[in-house]
């Protein structure tokens, strides 16, 4: 297009990004249409980012619980020295076991009937989206699959970036080995709906498709991150064109008269709104229970190690 302006085949072109290399040929007059190209993704669930089993209490509360267990265990251990040892042998390990059992409500004479506040918090946090990814750097270092719409400008824009964060994103979208992550619109939006997937595309086209395919509950955690950080594109006009000033005035009148704004409201698709988050069933997977499973595995490992150590000590 710029070459057509330079050779005299055209007097003006369509919207394009204003770069310094083109100023020798064209004058960028005005912007007549918005062109927002961003990464669009769904924020991952909170359980994928944080350990939700520690979130109901602050760090100070957890520290207080640990100190309470230690103090209770020491107190019980001391008390058993002066009591009948038919139930407790007076060891610190026995006292610690009793304290943890009491904390876990093991051996309680009355079974709790009402849902505790802690358990209720866990249920809420399992369904809560995170707000962990807000910047381009956070997106680049996340575990999300980064992809782009399979159009010419994406191949050009992603490749011509020099800073480390954008270069890392380009390597993820178009790796040297393996499949390049370029998709058609319908396929990309469907992967976006499934989660853990970020698509770089014109936002209006993606939002139009989202309005058609997403459930209301799936629209509430949509997030945008700007990759280009570029202003709206401008209309290039050949710098020696006799129509230059005429076109300048015409574009300004279109803008000032409100015609441009009216067309934007009719054509451009806004980000899907989320007035409220309706209740929806959310299944719990192994990844949600990962901290608990790891805690159990570590606990079993420590118990086996202590058992082997006791057997070894008694044999010596």
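Numbering (the working numbering), first residue to last: 2 to 317. Cβ coordinates follow ideal geometry from the N, Cα and C atoms, glycine included. No experiment lies behind these values; they were computed from the predicted model shown.
* To do: Could you work out which residue in 5, 27 and 69 is closest to residue 238 when comparing CA atoms only?
  => Residue 238 has its Cα closest to that of 27, out of 5, 27 and 69.
* **residue 241 at chain D interface by Cβ criterion, 8 Å** => Looking for chain D here will not work: only one protein chain is present.
* Determine the burial state of residue 1: buried for a count of at least 16 other Cβ atoms within 10 Å of its Cβ, exposed for fewer. => Residue 1 cannot be examined here, being either before or after the span of the chain that is shown, 2 to 317.
* Which term fits residue 61, buried or exposed, when burial requires 16 or more other beta carbons within 10 angstroms of its beta carbon? -> Looking at its Cβ environment, which holds fewer than 16 other Cβ atoms inside 10 Å, residue 61 is exposed.
* **Reduced DSSP category for residue 239 - H, G, I as helix; E, B as strand; rest coil** => Here residue 239 sits in strand by DSSP.
* Which residues does DSSP pair with residue 41 in a beta bridge? -> Beta-bridge analysis with DSSP links residue 41 to 200 and 225.
* To do: With DSSP as the reference, label residue 13 as helix, strand or coil.
  => It is a strand residue.
* What do you get for residue 294, buried or exposed, if any count of 16 or more other CB atoms within 10 angstroms of its CB means buried? -> Exposed: under 16 other Cβ atoms inside 10 Å.
* Asked: Around the Cβ of residue 309, are there at least 16 other Cβ atoms within 10 angstroms (buried) or fewer (exposed)?
  -> By the Cβ neighbour-count rule, residue 309 is exposed, with fewer than 16 other Cβ atoms within 10 Å of its own.
* **Buried versus exposed, by CB contacts within 10 Å (16 or more), residue 202** => It is buried - the Cβ of residue 202 has at least 16 other Cβ atoms within 10 Å.
* To do: Identify every residue that forms a DSSP beta bridge with residue 288.
  => None, per the DSSP bridge assignment.
* Own chain, CB closer than 8 Å to residue 116, minus 5 neighbours either side, in chain order -> Low per-residue confidence applies at residue 116: pLDDT is 48, beneath 50, and the placement is therefore not dependable enough to give any value.
* Going by CA-CA distance only, name the one from 50, 167, 71 and 141 that's closest to residue 126. => In terms of CA proximity to residue 126, 50 leads the group 50, 167, 71 and 141.
* Can you tell me which of the three DSSP states residue 129 falls into? => The answer is coil: DSSP assigns residue 129 none of H, G, I, E or B.
* Sorted by chain position, which residues of the same chain lie with C-beta nearer than 7 Å to residue 198's C-beta, five sequence neighbours on each side aside? -> Excluding five sequence positions before and after residue 198, the CB atoms of its chain that fall closer than 7 Å to its own CB belong to 42, 145, 146, 148 and 192, given in chain order.
* **Secondary structure of residue 183, DSSP reduced to three states** => In the structure shown, residue 183 sits in a strand (DSSP, three-state: E or B).
* To do: Provide the residue span of the alpha helix (DSSP H) that contains residue 8, from first to last.
  => Under the DSSP assignment, residue 8 falls in the alpha helix (DSSP H) whose first and last residues are 3–8.
* Asked: Should residue 212 be labelled buried (16 or more other beta-carbon atoms within 10 Å of its own) or exposed?
  -> Classification of residue 212: exposed, given that the 10 Å Cβ count is below 16.
* Asked: Is residue 116 helix, strand or coil by DSSP?
  -> At residue 116 the pLDDT is 48, less than 50, meaning the model places this residue with poor confidence and gives no usable figure here.
* Asked: So residue 18 is in the alpha helix (DSSP H); what residue range does that whole segment cover?
  -> Run containing residue 18: none; DSSP gives neither H nor E here.
* Asked: Which residues bound the beta strand (DSSP E) around residue 34?
  -> From DSSP, residue 34 is part of no beta strand (DSSP E); its letter is neither H nor E.
* **Residue from 231, 236, 209 and 52 whose Cα sits closest to the Cα of residue 162** => Taking only the C-alpha atoms, the option nearest residue 162 is 231.
* To do: Note down, in chain order, each residue of its chain lying with its Cβ closer than 7 Å to the Cβ of residue 285, except the 5 sequence neighbours on either side.
  => Once the five neighbours on either side are set aside, the close Cβ partners of residue 285 are 127.
* To do: Out of 164, 155, 195 and 250, state which residue places its alpha-carbon closest to the alpha-carbon of residue 182.
  => For residue 182, the closest of 164, 155, 195 and 250 by C-alpha to C-alpha distance is 155.
* Asked: Does the Cβ of residue 289 have 16 or more other Cβ atoms within 10 Å, making it buried, or fewer, making it exposed?
  -> Buried, since its Cβ has 16 or more Cβ neighbours within 10 Å.
* Contact between the region 205–222 and the region 265–276 (3+ Cβ pairs under 8 Å) -> These segments touch.
* **Residue range of the alpha helix (DSSP H) that includes residue 263** => Residue 263 -> alpha helix (DSSP H) spans 260–268.
* Asked: Would residue 227 pass as a contact of residue 36 if the rule is Cβ separation under 8 Å?
  -> Against a cut-off of 8 Å, the Cβ pair of residue 36 and residue 227 comes out as no contact.
* Asked: Any contact of the region 56–72 with the region 162–173, i.e. 3+ C-beta pairs under 8 Å?
  -> Because the criterion of three Cβ pairs below 8 Å is not met, the region 56–72 and the region 162–173 do not touch.
* Asked: What are the start and end residues of the beta strand (DSSP E) that includes residue 147?
  -> For residue 147, the enclosing beta strand (DSSP E) covers residues 146–150.
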